[in-house]
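Asker: Reminder that position 4 of the sequence shown reads as 69 in the numbering used here, one-by-one numbering, no gaps.
From the three backbone atoms N, C-alpha and C, an ideal C-beta is built for every residue, glycine too.
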Amino acid sequence: MTSFFFFFAIYIILINADKCSWDNCHKWNHSQINIHFISHTHNDLGWISTYDELYEPGPWRPSLRNTGVKEIINTIVYELNKNTTRRFSYSETDETLFTEQHHWHNHKGPACWESEYHLSCRDEPFVENEQQGKVNVDKILDKFVKYILSRIPTQKHRHFLVLMGDDFTHSVPDSFMLNLEKLIYYLNQKYYDIINAFFSTPSCYFKAINEIVKRKHKFYLEWTYQARF
Ligand SMILES: *[C@@H]1O[C@H](CO)[C@@H](O)[C@H](O)[C@H]1NC(C)=O
Ligand SMILES: *[C@@H]1O[C@H](CO)[C@@H](O)[C@H](O)[C@H]1NC(C)=O
Numbered sequence: 066m067t068s069f070f071f072f073f074a075i076y077i078i079l080i081n082a083d084k085c086s087w088d089n090c091h092k093w094n095h096s097q098i099n100i101h102f103i104s105h106t107h108n109d110l111g112w113i114s115t116y117d118e119l120y121e122p123g124p125w126r127p128s129l130r131n132t133g134v135k136e137i138i139n140t141i142v143y144e145l146n147k148n149t150t151r152r153f154s155y156s157e158t159d160e161t162l163f164t165e166q167h168h169w170h171n172h173k174g175p176a177c178w179e180s181e182y183h184l185s186c187r188d189e190p191f192v193e194n195e196q197q198g199k200v201n202v203d204k205i206l207d208k209f210v211k212y213i214l215s216r217i218p219t220q221k222h223r224h225f226l227v228l229m230g231d232d233f234t235h236s237v238p239d240s241f242m243l244n245l246e247k248l249i250y251y252l253n254q255k256y257y258d259i260i261n262a263f264f265s266t267p268s269c270y271f272k273a274i275n276e277i278v279k280r281k282h283k284f285y286l287e288w289t290y291q292a293r294f
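1. Can you give the beta carbon distance from isoleucine 103 to serine 154, rounded, assuming they're within the 8 Å contact cut?
2. Please find out if some non-hydrogen atom of ligand 1 comes closer than 6 Å to the beta-carbon of asparagine 99.
3. Given 6 Å as the limit, tell me if asparagine 94 has its C-beta closer than that to any heavy atom belonging to ligand 1.
4. With a cut-off of 8 Å on the beta carbons, I'd call isoleucine 249 and phenylalanine 264 a contact; round off their distance for me.
5. Could you spell out the range, first to last residue, of the beta strand (DSSP E) harbouring serine 265?
6. Mapping DSSP to helix, strand and coil, what is histidine 183?
7. What did DSSP end up calling valine 210 once you bin it into helix, strand or coil?
8. Compare the beta carbon distance of arginine 151 and methionine 242 with 7 Å and say whether it is the shorter of the two.
9. Can you check whether the CB of leucine 252 is closer than 7 Å to the CB of isoleucine 260?
10. Should threonine 150 be counted as a contact of ligand 2 given a C-beta to heavy atom distance under 6 Å?
11. Does the beta-carbon distance from leucine 214 to methionine 229 come in below 7 Å?
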């Protein structure tokens with residue numbers, strides 16, 4: 066069982082790294098606000114499961130039924146197949162990045178941030194027409210965009226990392242990815258002149274930041290060159 070766990074952990078990292086995930090990024094535009102939605106999960110080994118239970122909880126632990134790595138991976142693959150624009154990160158190795166960004170989880174927002182720390186996320190699903198209830202598309206978008214705009218002054222670049230998900234979140238087949246897809250769709254539709262939103266991964270985000278750093282460096286070199294000669 067232990068070896069199974071390792072097999073799956075490595076396999077998923079390979080899917081992420083296959084064709085190098087940074088070659089598989091959606092296009093960004095440095096002149097716009099680029100919102101990198103990183104849909105992810107990670108399991109804290111030893112947090113609630115034992116090592117073996119992490120892969121597939123036994124029937125004697127019904128409370129862990131939806132938390133097994135096996136179930137999570139099945140669900141993710143199923144969800145990813147529904148739309149090729151979707152991306153997902155499953156990795157314990159990005160822990161540092163995620164730890165630094167953990168405060169996103171606690172932020173009150175329209176989607177996953179309403180989750181409590183270390184619990185599953187609860188979406189406010191989009192209601193898109195009156196037959197389904199009170200239409201909330203504009204309300205969700207406004208809230209989200211306000212939040213993003215309030216963060217702009219805190220950054221030196223225009224790439225925003227928004228982590229969606231939490232521990233064990235994706236074991237339950239739910240509308241999580243669909244809701245995120247809709248958020249991306251409406252953001253790009255309504256704010257196309259300033260916002261560029263897309264599914265992303267940690268490596269795509271770092272690639273984008275790296276481009277900016279390189280550009281600045283090049284600019285600096287050209288500037289010093291011109292200043293001297
Ligand atoms: C990038 O965004 C700017 C500002 O919205 C726009 O003028 C430009 O055409 C965009 N570039 C590309 C390649 O889409
Ligand atoms: C995939 O998602 C994009 C927006 O994120 C949407 O425009 C497109 O229709 C979706 N494709 C399918 C097959 O659902």
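Answerer: According to the structure shown:
1. In the sequence shown, residue 103 corresponds to position 38, counting from 1. In the sequence shown, residue 154 corresponds to position 89, counting from 1. For isoleucine 103 against serine 154, the beta-carbon gap comes to about 6 Å, under 8 Å, which counts as contact.
2. Residue mapping note: residue 99 aligns to position 34 of the sequence shown, counting from 1. Relative to ligand 1, the beta carbon of asparagine 99 is positioned no closer than 6 Å to any heavy atom.
3. Reading the sequence shown from its first residue, position 29 is the one you call residue 94. Yes, Cβ of asparagine 94 sits closer than 6 Å to a heavy atom of ligand 1.
4. What you label residue 249 is simply residue 184 of the sequence shown in a count that begins at 1. What you label residue 264 is simply residue 199 of the sequence shown in a count that begins at 1. With a beta-carbon spacing of about 7 Å, isoleucine 249 and phenylalanine 264 fall inside the 8 Å limit used to define contacts.
5. Here residue 265 is taken as the residue at index 200 of the sequence shown, counted from 1. Residues 260 to 265.
6. As a working mapping, residue 183 is identified with position 118 in the sequence shown. In this prediction, histidine 183 has a pLDDT of 27, which is less than 50 and means its spatial position is unreliable; what the coordinates show is noted afterwards. DSSP places histidine 183 outside both helix and strand once states are collapsed to three, so it counts as coil.
7. Mapped onto the sequence shown, residue 210 falls at position 145. In this structure, DSSP gives valine 210 a helical state, which the three-state scheme calls helix.
8. By 1-based counting over the sequence shown, the position of residue 151 is 86. By 1-based counting over the sequence shown, the position of residue 242 is 177. At the C-beta level, arginine 151 and methionine 242 come within 7 Å of one another.
9. Along the sequence shown, one-based indexing puts residue 260 at 195. Along the sequence shown, one-based indexing puts residue 252 at 187. Cβ atoms of isoleucine 260 and leucine 252: closer than 7 Å.
10. Working through the sequence shown from its first residue, we reach residue 150 at position 85. Checking the Cβ of threonine 150 against ligand 2 gives yes.
11. For the purposes of this step, residue 214 is taken as residue 149 along the sequence shown, with counting starting at 1. For the purposes of this step, residue 229 is taken as residue 164 along the sequence shown, with counting starting at 1. Taking 7 Å as the cut-off, the beta carbon of leucine 214 is found no closer than this to the beta carbon of methionine 229.
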